[in-house]
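>
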Amino acid sequence: MGARLMGEREIRPAGRYEWEGILRRTRATGLVGASDHIGKNGKPTKGAVSPSLFKAVAFAFASYANTDGGSVRPGDATIAVDVECSIKTVRTIRTTLLDLGLLQRVGGRRAGSGEEYRLTIPGDLLDRVEVLSPAQHLLAARSVREAARGKRGGSGGPPTPPVDNPAVGGPVDHPDGSIVAKLGGSGGPTEIGYGGSGGPASGGPPDPRTDQDRPPKSTDHPDADLRTAVTAPRATQPPKTQIPGKSKCAEHGLAGGLRDDGKPACPLCRVVATRELNTAEPPAADNVVQFRPRQAELRACLGCCAPTDHPDRLCPACRPAQSGAS
């Protein structure tokens, strides 16, 4: 789509990327000023629109455009919800964008959407508003960054030059008992008074600590044990006998020693010991404990048929008679 002439102005369509780049470099201060009409309260009936709010509404319209900058169909109420401002402010800014030639109406309302617009760039834009060049935009950002960083000495003054200290390794004694040092920093120079040689500082922060102010730390302990010189607790290592895996079985080459239950740690040795117990010979009869005594077998006496356990099957009464008869 080529450029169009609207009256004596030339307006050409713009893609969304190009249009947003120009809007970022456009200075929007004063584009929407306060109303000339004064209300009953003595204030203008319509206040000025800040440049940040102006660009927020403009970018909100552009966010609904396609890549070519067309099909912009959000209603004023939708933009008001997006930017969180009043619909009256959205209408005012939309009218200003149309007057500047940054927005062009191409279609009427449709069901569920507002009027259709497209993003455009007028040929006389530089005559109507201030637009920074890319180089000017870069320099402006650099100046803002340097202003935000400030000076290294602080917001109150330049950095303080270093002070020569002839005494290395300790503070300087002052016979008058006091010394006032001026340090540049945030809020201006600060007076720091010292109560005397090595006394506490009052009135502000002291100088940064350096290696010259610290006594040298000795790492040699000729008369002390290094283990007792360390105040932090040390982890004690277990004795060598408690470390598993140190001794090996001489026969199988596996873990040696005994377990807590008294059995060998070597698994093959445990298997051999179990097999030996299972294949052992039964104990002798004399070593077997008789839990229940054997009961004698009672038989009838051959003489009188009385019960007797004698091997000859004779009771005590018949045994003498049998002996005499024989």
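Here the sequence shown is numbered in this note's numbering, starting from 250 and rising by one per residue. Where a beta carbon is used, it is the ideal one built from N, C-alpha and C, also for glycine.
1. Kindly give me the distance between the Cβ atoms of V306 and I342, rounded to whole angstroms, as I take these residues to be in contact under 8 Å.
2. Would a C-beta distance cut-off of 8 Å place I260 and T369 closer than the cut-off?
3. Give the DSSP bridge partners of L507, in chain order.
4. From the DSSP output, which residues share a beta bridge with Q353?
5. Can you give me the start and stop residues for the alpha helix (DSSP H) that R394 sits inside?
6. Under a Cβ-count criterion, where at least 16 other Cβ atoms within 10 Å of its own Cβ denotes burial, should Q385 be classed as buried or exposed?
7. With distances taken from CA atoms, which of E333, Y266, F310 is nearest D317?
8. Which two residues bound the contiguous alpha helix (DSSP H) that contains P323?
9. Taking the C-alpha atoms as reference points, what is the distance between A396 and L381?
10. In terms of residue numbering, what span does the beta strand (DSSP E) encompassing P262 cover?
11. Give the single residue among Y366, R524, V281, R359 whose Cα lies nearest to the Cα of Y313.
12. Decide if C567 is buried, meaning its Cβ has at least 16 other Cβ atoms within 10 Å, or exposed.
13. Quick one: Cα of V520 to Cα of K512, how far?
In short:
1. 4 Å
2. yes
3. P513
4. R367
5. 383–398
6. exposed
7. Y266
8. Run containing P323: none; DSSP gives neither H nor E here.
9. 20 Å
10. 258–262
11. Y366
12. buried
13. 11 Å
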